[in-house]
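Enquirer: One structure follows; several queries about it will come next.
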Amino acid sequence: MTLKQTPLNAAHRAMGAKMVDFGGWDMPVNYGSQIDEHHQVRNDCGMFDVSHMRVVDVKGAGVRGFLRYLLANNVDKLTQPGKALYSCMLLDNGGVIDDLIVYFMSEDWFRIVVNAGTADKDIAWMKQQAARRASQLTIADHPELAMIAVQGPNARAKVWEALPGSRELTGHLVPFSAAVMGEMFIARTGYTGEDGFEVMIPAKAAPFFWATLAEKGVKPIGLGARDTLRLEAGMNLYGQDMDETINPLEAGLAWTVDLKSERDFIGKAALLANPPTRKLAGLVLLDRGVLRGHQQVHTAHGTGEITSGSFSPTLEKSIALARVPKEVLTGDTVQVAIRDKMLAAQVVKYPFARNGKSSL
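This note's numbering puts the first residue of the sequence shown at -1, with every later residue one more than the last.
Given below as structure tokens:
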């Protein structure tokens, strides 16, 4: 199978990246030390190629009403152009099809950014739901757009240096909002627990922007550090922390589900009919070892399972997200089966780290 390539593939190779197959994409896992890359983002800033993510525009009369029904979070919260919302898109049984970010641009245009591995499935689901409602919406993705995330305490200043005129347009942006700059779309969002921008840019211009950022001293960061950064920030990864068999209430995402308003949405009835018996909790390993996905967690209330686990460079400890019985409390000590040993871990409230430092 030929791996798909982003417009920055040659740039990654020129920078000495170690490339891996990531869901059918040829992507950089690191450019040297993964731990150094992690600290670079927490302490200064780094840039990520996230061009494998898919940008989908939903346009037409009645688009807000359609998204009110399609998404578990309520797009009625979006009233200012450029404002963004994080949400899950659910099956009728409450399982998560994908988690996504939706931006309100105008009453007949919302922009959605979906995960790479689920993009085709997501778009097919959106079109199927639009057809069921007999709506005349256009649902179109934009493979001609690349996406570069610049993240870290100095990220915004570096983007302003690299993109003349961008400070005037984006200096006022609050987190989770975006502005259009010519053919570019600049959002103050990210997946690291740090400040920064995600910049959607025409694919043909992406290598030049990447090179300009590098000239300004922004270091490239691979998928390895992206994963430890998002785990420290307590951010879910689709396919690990939730999927079509898990509902958002069991995945620590109750805050993204609007069950208060009268609005109906796909999956709402199932969520109300099946109160969760499990929840997502943070773990910090007390013994020596490394927490990894799928390890069994033994608690006084039954067993659970680690969904994401790794060594945390910021805490210098092993941390994890785990799905455990809802009766498990913060502060409890649990046992994790690692190879043939039972190792002690403490249940903690995540996020573990963000804004450059530990939050425990």
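Even glycine gets a Cβ: it sits at the ideal position worked out from N, Cα and C. No experiment lies behind these values; they were computed from the predicted model shown.
Considering only residues of the stretch 100 to 186, which uninterrupted alpha helix (DSSP H) runs meet the minimum length of 4 residues and lie entirely inside it, listed in chain order?
Expert: You should have 117 to 130, 153 to 160 and 164 to 168.
Enquirer: Here's the rule I'm using: 16 or more other beta-carbon atoms within 10 Å means buried, otherwise exposed. How should S316 be labelled?
Expert: S316 should be labelled buried.
Enquirer: Using a Cβ-based criterion (distance less than 7 Å to any ligand heavy atom), does H10 qualify as near the ligand COA?
Expert: Summarising the ligand content, the structure contains no ligands, and the ligand COA is consequently not present.
Enquirer: Do you know whose CA, among R276, L313, R286 and L257, lies nearest L269's CA?
Expert: Nearest of R276, L313, R286 and L257 to L269, Cα basis: L257.
Enquirer: For a minimum of 4 consecutive residues, which ranges assigned as the alpha helix (DSSP H) are wholly contained in the stretch 252 to 319?
Expert: Listed in chain order, they are 266 to 271.
Enquirer: To the nearest angstrom, report how far apart S310 and F183 are at their CA atoms.
Expert: One C-alpha to the other measures close to 32 Å.
Enquirer: Give me the Cα-Cα distance between Q149 and A351, rounded to the nearest whole angstrom.
Expert: Their Cα atoms are separated by approximately 14 Å.
Enquirer: In the DSSP assignment, the beta strand (DSSP E) including A342 goes from what residue to what residue?
Expert: Taken as a continuous stretch (DSSP letters only), the beta strand (DSSP E) holding A342 covers K339 to V346.
Enquirer: The alpha helix (DSSP H) that contains D24, what's its start and end?
Expert: Taken as a continuous stretch (DSSP letters only), D24 belongs to no alpha helix (DSSP H), being part of the beta strand (DSSP E) at W23 to N28.
Enquirer: Who are the near neighbours of R165 in its chain, counting only those whose CB is closer than 8 Å to its CB and skipping five residues on each side?
Expert: Counting only Cβ-Cβ distances below 8 Å, and skipping sequence neighbours, we find W158.
Enquirer: Return helix, strand or coil for A15, following the three-state DSSP convention.
Expert: In the structure shown, A15 sits in coil (DSSP, three-state: anything other than H, G, I, E or B).
Enquirer: Could you tell me which of K339, L143, L1 and T168 sits nearest to E181, measuring between CA atoms?
Expert: When each option's Cα is compared against that of E181, the closest is L143.
Enquirer: Buried or exposed, going by whether 16 or more other CB atoms sit within 10 Å of the CB of N272?
Expert: The residue in question, N272, is exposed, as its Cβ has fewer than 16 Cβ neighbours within 10 Å.
Enquirer: Tell me, to the nearest whole angstrom, how far the beta carbon of L319 is from that of G280; I am working on the premise that it is less than 8 Å.
Expert: Indeed, because the Cβ distance is near 6 Å, the residues count as touching under 8 Å.
Enquirer: In the structure shown, what three-state DSSP assignment does L235 receive?
Expert: Coil at L235, not helix or strand.
Enquirer: Are A249 and L227 closer than 8 Å when you measure CB to CB?
Expert: No, the Cβ-Cβ distance between A249 and L227 is not below 8 Å.
Enquirer: Please report the distance separating the alpha-carbon of P200 from that of D285.
Expert: Approximately 48 Å, taken between the alpha carbons.
Enquirer: Report buried or exposed for H292, applying the criterion of at least 16 other Cβ atoms within 10 angstroms of its Cβ.
Expert: The residue is exposed, with fewer than 16 neighbouring Cβ atoms inside 10 Å.
Enquirer: Between the stretch 89 to 106 and the stretch 52 to 64, can you find at least three pairs of beta-carbon atoms closer than 8 Å?
Expert: Touching, per the Cβ criterion.
Enquirer: From D24, T305, T243 and K156, pick the residue whose C-alpha is nearest to that of F195; which is it?
Expert: Per the Cα distances, K156.
Enquirer: Do N234 and D120 count as a contact pair if the criterion is CB distance below 8 Å?
Expert: No; because the gap between Cβ atoms is not below 8 Å, this pair is not in contact.
Enquirer: Compare the Cα-Cα distances from E242 to each of M17, N91 and K16 and report the closest residue.
Expert: E242 has its Cα closest to that of N91, out of M17, N91 and K16.
Enquirer: Please say whether T297 and V332 have beta carbons closer to each other than 8 Å?
Expert: In contact: V332 and T297 (Cβ atoms closer than 8 Å).
Enquirer: Specify the secondary structure class of A82 as computed by DSSP and reduced to three states.
Expert: A82 falls in the strand class under three-state DSSP.
Enquirer: Here's the rule: buried if 16 or more other CB atoms are within 10 angstroms of the residue's CB, otherwise exposed. What is A147?
Expert: A147 is buried by the Cβ-count criterion.
Enquirer: Looking only at its chain, what residues have a beta carbon closer than 6 Å to the beta carbon of G222, apart from the 5 residues adjacent to it on each side?
Expert: Cβ within range, chain order: V27, N28 and Q32.
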